[in-house]
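Asks: Residue numbers (this note's numbering): 179 to 521.
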Amino acid sequence: MSERRGTLLVDTSFLGDVLCAEPLVRAAAARWPDEPVDFLAGPGGAQMLAGHPQIRELRVFDKRGADRGLGGLRRMAKMLRQQRYARAICSHRSWRTAALLRWAGIPLRVGFHNASAAWLYTQRIRYRKELHEVERNLELIGGGPWEAPRMYPGEAERARAKELLAQLPAAPVALAPGSIWATKRWPAVRWAELLGGMARAGRPTVLLGGPDDAALCAEIRAAAQLPVGCAPCLDLAGQTSLRESAAVLERCATLVSNDSAPMHLGVAAGIPVVAVYCSTIPAFGFAPRGPRDLVLEVDGLDCRPCGIHGHPECPEGHFRCGVDLDSAQVLSAALERSSALAV
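1. Give the DSSP-derived three-state secondary structure of A354 in the structure shown.
2. To which residues does DSSP link L433 through a beta bridge?
3. Since L312 is in the alpha helix (DSSP H), which residue starts that stretch and which ends it?
4. If you count every other CB in all the chains shown that lies within 10 Å of the CB of E494, and 16 or more means buried, which is it?
5. Return the CA-CA distance between T300 and R287, expressed in angstroms with no decimal places.
6. Looking at the unbroken alpha helix (DSSP H) that takes in E235, where does it start and where does it end?
7. Run the CB neighbour count on L248, radius 10 Å, all protein chains shown included, and call it buried at 16 or more, exposed below.
8. Kindly indicate which three-state DSSP category F464 falls into: helix, strand or coil?
9. Identify which residue in R242, R314, L412 has its Cα closest to the Cα of C131.
10. Considering only the alpha carbon of each residue, which of H489, E200, L218 lies closest to A529?
11. Assuming R237 and D212 are in contact, meaning their beta carbons sit under 8 Å apart, how far apart are those beta carbons, in whole angstroms?
12. What do you get for D477, buried or exposed, if any count of 16 or more other CB atoms within 10 angstroms of its CB means buried?
13. G180: buried (16+ other C-beta within 10 angstroms of its C-beta) or exposed?
14. For A219, does the three-state DSSP call read helix, strand or coil?
15. Distance, Cα to Cα, L479 vs E422?
16. Taking the straight line between their C-alpha atoms, what separation do you get for A344 and S272?
17. Could you tell me which of D390, D391, A349, L474 sits nearest to F380, measuring between CA atoms?
18. On the DSSP bridge list, what partners appear for Q301?
19. Please classify C268: does DSSP put it in a helix, a strand, or coil?
20. Please report the distance separating the alpha-carbon of V426 from that of W297.
21. From L202, C499, G320, pick the residue whose C-alpha is nearest to that of C456; which is it?
22. What is the residue span of the beta strand (DSSP E) that T185 lies within?
23. Based on Cα-Cα distance, which residue from E397, W210, D189 lies nearest to N315?
24. How close, in whole Å, do the beta carbons of P221 and R234 come, if the pair is a contact with beta carbons under 8 Å?
25. Can you tell me the Cα-Cα spacing of V454 and E428, whole angstroms?
26. Could you check if A518 is buried or exposed, using at least 16 other CB atoms within 10 Å of its CB as the buried criterion?
27. Taking the DSSP output, what are the residues bridged to C411?
28. With contact counted as at least three CB pairs below 8 Å, one residue from each stretch, are the segment 369-377 and the segment 398-407 in contact?
29. By Cβ distance, which residues of its chain are closer than 6 Å to A334, with the 5 residues on each side in sequence left out?
30. Go to L394, then tell me how far its alpha helix (DSSP H) extends in each direction, as first and last residue.
31. With distances taken from CA atoms, which of L187, A447, L251 is nearest P327?
32. Going by DSSP in three states, L443 sits in which element: helix, strand or coil?
33. Rounded to whole angstroms, what's the CA-CA distance from R253 to R265? Just pull it up for me.
34. Taking Cβ to Cβ, would you say V384 is nearer than 8 Å to V434?
35. What are the boundary residues of the alpha helix (DSSP H) that L278 is part of?
36. Whose C-beta lies closer than 7 Å to the C-beta of S510 among residues of the same chain, with five residues either side of it excluded?
Below, the structure is given as structure tokens:
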């Protein structure tokens, strides 16, 4: 029987969580330079990591689709068992993932001490709430300082981004108003005020988001009532893949985003990020950390945070964490960070 070799990294969670696990890839490749590194992610997370030069095999676990249920879990475990990995390192704190790795028979299984079914791991690492998520994940492999996650758009994605932005006169400010959680979304009226302010300041903008954000972006653009002859706004919501969005962001001057996946894409693109935090807080460990990044939030609310993810509506009924965040403050921060980069 062949010798066990290689590292399997696992995170099948939300897009931002997966991108915060990307530095683990580089850390594993550096620690075991003569062994392959594979990554198991969900369908969306796999898009975030596609093209990574240090991932040998990007495996997709569609836990809510083709691989759902006990049957899907067992099929995936059988496939992983055949790979004969020496170790698995899991940043996702899910019982499903812990069980999967145990059934796969991987001898060294590293996970967080507070993960569901943590007893299934052979090595449990303390989940340190005071650290950034990137730093917490690096603790699974011995620790290390924060470093920005990376994405690797290909030539096709970058060519598409160049084509899309060619009509703009200068590098735009990207606006990403969407989130799957309503209480993470800065109100549409505030985004419209921001968009109008950008236009009057002469700064081109681009609206980014998935298909589910298209209606919201259209609403914001209509509410902004952009005057004729002002700086243009390009609405790309629902028109770009995750990797194309990453390539678009590489060509932007600044990103303004909620606490959602585009915020992490902006960090990975290496551009200044103005993060608008509503119901969540930076202390959860996911905020941008770059020298030009800025988090804006409403302080002094006893009801905040109201949950680590968000809610379909404000539990208190007033949503002051979003409504009270002034668009003029966000506009000033975004314009200050915007450069004169050419598209």
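Glycine included, every Cβ here is placed at the ideal spot set by N, Cα and C. Treat the numbers as computed from the prediction; the structure is a model and nothing was measured.
Replies: To lay it out plainly:
1. Stepping through the sequence shown from its first residue, residue 354 is reached at position 176. DSSP places A354 in strand when its eight states are reduced to three.
2. On the sequence shown, residue 433 is found 255 positions in, with the first residue counted as 1. Residue pairing by DSSP places L433 opposite A352, V451 in a beta bridge.
3. In the sequence shown, residue 312 corresponds to position 134, counting from 1. What sits at residue 312 in the sequence shown is Val, not Leu. Counted as a single uninterrupted DSSP element, the alpha helix (DSSP H) harbouring V312 occupies residues 311-317.
4. Translated into the one-based positions of the sequence shown, residue 494 becomes position 316. Exposed, by the Cβ-count rule.
5. As a position in the sequence shown, residue 300 is number 122, starting the count at 1. As a position in the sequence shown, residue 287 is number 109, starting the count at 1. Those two C-alpha atoms are separated by around 5 Å.
6. Walking along the sequence shown from the start, residue 235 turns up at place 57. From DSSP, E235 is part of no alpha helix (DSSP H) but of the beta strand (DSSP E) over 235-238.
7. Position 70 of the sequence shown holds residue 248. Flag for L248 reads exposed.
8. On the sequence shown, position 286 is the one that residue 464 refers to. Collapsing the DSSP output to three states places F464 in coil.
9. There is no way to answer for residue 131, as the model of the chain reaches only from 179 to 521.
10. Residue 529 lies beyond the stretch modelled for the chain, which goes from 179 to 521, so this question has no answer here.
11. For the purposes of this step, residue 237 is identified with residue 59 of the sequence shown, where counting begins at 1. For the purposes of this step, residue 212 is identified with residue 34 of the sequence shown, where counting begins at 1. Contact between R237 and D212 does not hold, since their C-beta atoms are separated by about 21 Å, which reaches or exceeds 8 Å.
12. The residue labelled residue 477 in the question sits at position 299 within the sequence shown. D477 comes out exposed.
13. On the sequence shown, position 2 is the one that residue 180 refers to. For the sequence presented, residue 180 should be read as Ser rather than Gly. By the neighbour-count rule (16 or more Cβ atoms within 10 Å), S180 is not buried but exposed.
14. Here the question's residue 219 lines up with position 41 in the sequence shown. A219: strand per DSSP, three-state reduction.
15. Locating residue 479 in the sequence shown gives position 301, counting from the first residue. Locating residue 422 in the sequence shown gives position 244, counting from the first residue. Using only the alpha carbons, I get a separation of about 38 Å.
16. To locate residue 344, count along the sequence shown from 1; it is residue 166. To locate residue 272, count along the sequence shown from 1; it is residue 94. So the two alpha carbons sit approximately 43 Å from each other.
17. Here the question's residue 380 lines up with position 202 in the sequence shown. In the sequence as displayed, the identity of residue 380 is Gly instead of Phe. Of the listed residues, the one whose Cα sits closest to G380 is A349.
18. On the sequence shown, position 123 is the one that residue 301 refers to. According to DSSP, Q301 bridges with V288.
19. Here residue 268 refers to the residue found at position 90 when the sequence shown is read from its first residue. C268 falls in the strand class under three-state DSSP.
20. The sequence position of residue 426 within the sequence shown is 248, counting from 1. The sequence position of residue 297 within the sequence shown is 119, counting from 1. Going from the Cα of V426 to the Cα of W297 covers about 43 Å.
21. Against the sequence shown, residue 456 aligns to sequence position 278. The option with the nearest alpha carbon to C456 is C499.
22. For this step, residue 185 is matched to residue 7 along the sequence shown. Its beta strand (DSSP E) spans residues 185-188.
23. One-based indexing of the sequence shown puts residue 315 at position 137. Among E397, W210, D189, the Cα nearest to that of N315 is on D189.
24. Taking the sequence shown and counting its residues from 1, the one referred to as residue 221 is at position 43. Taking the sequence shown and counting its residues from 1, the one referred to as residue 234 is at position 56. That pair is no contact at about 19 Å.
25. What you label residue 454 is simply residue 276 of the sequence shown in a count that begins at 1. What you label residue 428 is simply residue 250 of the sequence shown in a count that begins at 1. So the alpha carbons of these two residues sit roughly 20 Å apart.
26. Here the question's residue 518 lines up with position 340 in the sequence shown. With a pLDDT of only 42 at A518, under the threshold of 50, the placement of this residue in the model should not be trusted; the figure read from the coordinates follows. Classification for A518: exposed.
27. Translated into the one-based positions of the sequence shown, residue 411 becomes position 233. For C411, which the question treats as bridged, DSSP gives the partners T383.
28. Three or more beta-carbon pairs separated by less than 8 Å link the segment 369-377 to the segment 398-407, which places the two stretches in contact.
29. In the sequence shown, residue 334 corresponds to position 156, counting from 1. So no residue of the chain qualifies.
30. Taking the sequence shown and counting its residues from 1, the one referred to as residue 394 is at position 216. Unbroken alpha helix (DSSP H) run through L394: 392-402.
31. Numbered from 1 along the sequence shown, position 149 holds the residue referred to as residue 327. Of the candidates L187, A447, L251, A447 places its Cα closest to the Cα of P327.
32. Your numbering for residue 443 matches position 265 in the sequence shown. In the displayed model, L443 falls within a helix according to three-state DSSP.
33. To locate residue 253, count along the sequence shown from 1; it is residue 75. To locate residue 265, count along the sequence shown from 1; it is residue 87. About 19 Å.
34. Within the sequence shown, numbered from 1, the residue matching residue 384 stands at position 206. Within the sequence shown, numbered from 1, the residue matching residue 434 stands at position 256. Going by C-beta atoms, V384 is not nearer than 8 Å to V434.
35. In the sequence shown, the residue the question calls residue 278 occupies position 100. Start and end: 273-281.
36. Start at 1 with the first residue of the sequence shown, and residue 510 comes out as number 332. The beta carbon of S510 lies closer than 7 Å to none in the same chain, with the five residues before and after it left out.
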